[in-house]
Amino acid sequence: MMTISDIIEIIVVCALIFFPLGYLARHSLRRIRDTLRLFFAKPRYVKPAGTLRRTEKARQPKNDSIYAKYRHAFFPLAILARPFRLELLFLVKFGLLWAGYLNFHPLLNLVFAAFLLMPIPRYSLHRLRHWIALPIGFALFWHDTWLPGPESIMSQGSQVAGFSTDYLIDLATRFINWQMIGAIFVLLVAWLFLSQWIRITVFVVAILLWLNVLTLAGPSFSLWPAGQPTTTVTTTGGNAAATVAATGGAPVVGDMPAQTAPPTTANLNAWLNNFYNAEAKRKSTFPSSLPADAQPFELLVINICSLSWSDIEAAGLMSHPLWSHFDIEFKNFNSATSYSGPAAIRLLRASCGQTSHTNLYQPANNDCYLFDNLSKLGFTQHLMMGHNGQFGGF
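Be aware that the sequence shown starts at 0, since it is given in numbering that gives the first Met the number 0, and climbs by one per residue.
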């Protein structure tokens, strides 16, 4: 049941969202109307002031052109009215980058800023540039986020269409970060006031240049102390001999390759390949049959999308009453997956080591299928799903 504080919070959040959106929509329509008038209206010429009578001079404005009529229209949010009015978008990006919500591409954003700041003498081309900047700015902002690209959206569109309306609403409410919405609103108000006296564009360009310098200078942290030898240790898993590529150091042998080298592209690719090679040799060995005096017991395997034990711990559900019904719990393992489809496939092939995402959709050995191995020992399979099985081809 909703309390009074919940209702007040909803009202405040709605006001923070719909007030700026309504303000923006209202003045955007007005600016679009004025822009169309600028393009299609016929210019009017006025006689020189000396040819007018005294009474006509008093009624005559300083400049009767249509440009002067709409030039001083108050529209602080107009990204079409002045050059680089997309500076607010860059300020929002900087805030999201500082909070860790953005995969910022400094060079692309610097090129986009240069496109907006490039001097254009003709007024019509100046306006046309800002119309072109709208879709480019939106696409670049989408590219800077962690959201899926157009190819992923098109390929997974049928699965998203299978979501119920209630689930989509719940997903949207959990996806929106209300604190960030409030912070963006505060940034908007601050920008409206400060942009009247301060050239925000100068600070935006300076930050863009600084971010690009950071990428050109390399990582912003020291990977190794000066003068110390760098040791790169890799293993092939199990009891295989370790390979040491260094001037000195002791090898490390284990089921997973050691992560002691600098995080360069070559080292990361080598570590990943060694990991897959090590996992390819791993396989659970099942007995041919259970002992004659074995007591019957049941195995329950729970698969909740891509939910992991770490997620359950983070949600504070490790002490849920459900877990008290089990005599033995197996929870020290890694599913190494990102969403429901690969999670289910990795669970079905749990008798073998991890494979790459691409190899998940390739045929596997029969010994890799966990439930088939359990069936050979006399276990009867029973399946229960919390959905109709249509989503993802379950």
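Ideal Cβ positions, reconstructed from N, Cα and C, are used throughout, including at glycine.
Supposed close pair residue i, residue j - CB separation, criterion 8 Å
{"i": "I119", "j": "H125", "result": "5 Å"}
{"i": "L85", "j": "K92", "result": "The Cβ separation is near 10 Å, so there is no contact."}
{"i": "P341", "j": "T214", "result": "Not a contact, Cβ separation roughly 32 Å."}
{"i": "L469", "j": "F378", "result": "Limits of the chain in this structure are 0 at one end and 393 at the other, which puts residue 469 out of reach."}
{"i": "I199", "j": "L193", "result": "7 Å"}
Own chain partners of residue i with C-beta closer than 7 Å, once the 5 adjacent residues on each side are dropped
{"i": "L88", "result": "G136 and F140"}
{"i": "I206", "result": "F93"}
{"i": "E328", "result": "W322"}
{"i": "K330", "result": "W308"}
{"i": "I311", "result": "M317"}
{"i": "L96", "result": "F103"}
{"i": "S374", "result": "Q380"}
{"i": "H356", "result": "P341"}
{"i": "D143", "result": "K92, L101, N102, F103 and H104"}
{"i": "F332", "result": "none"}
Cβ pair residue i, residue j closer than 8 Å
{"i": "S337", "j": "S305", "result": "yes"}
{"i": "Q380", "j": "F370", "result": "yes"}
{"i": "A343", "j": "N302", "result": "yes"}
{"i": "Y368", "j": "L347", "result": "yes"}
{"i": "A277", "j": "M179", "result": "no"}
Beta-carbon proximity list for residue i, same chain, < 6 Å, skipping 5 on both sides
{"i": "L289", "result": "L376"}
{"i": "N148", "result": "The question names Asn, yet the displayed sequence has Gly at residue 148. Closer than 6 Å at the Cβ level, and outside the excluded window around G148, lies no residue."}
{"i": "E55", "result": "Confidence at E55 is low in this model, with a pLDDT of 45, below 50, so the placement of that residue should be treated as unreliable; the coordinate-derived value is given next. Excluding sequence neighbours, E55 sits near nothing in its chain."}
Candidates the options, of which the one nearest residue i by Cα
{"i": "H324", "options": "A265, L299 and G161", "result": "L299"}
{"i": "D326", "options": "A313, E297 and D310", "result": "E297"}
{"i": "Y275", "options": "N358, T263, S339 and A291", "result": "N358"}
{"i": "L133", "options": "F114, A314 and S151", "result": "F114"}
8 Å CB neighbourhood of residue i in its chain, flanking five on each side removed
{"i": "I183", "result": "V91 and G94"}
{"i": "F174", "result": "none"}
{"i": "N365", "result": "D371"}
{"i": "R81", "result": "Because R81 sits at a pLDDT of 47, beneath the cut-off of 50, its placement in the model cannot be relied upon, and the point is left open."}
{"i": "Q155", "result": "P147"}
Cβ of residue i within 8 Å of any chain B Cβ
{"i": "N358", "result": "Looking for chain B here will not work: only one protein chain is present."}
Between the stretch 279-290 and the stretch 344-352, do three or more beta carbon pairs fall short of 8 Å? At 8 Å Cβ cutoff, the stretches touch.
For the structure I just gave you, are there three or more beta carbon pairs, one from the stretch 107-122 and one from the stretch 193-211, closer than 8 Å? Pairwise C-beta distances place the stretch 107-122 in contact with the stretch 193-211, as three or more of them are shorter than 8 Å.
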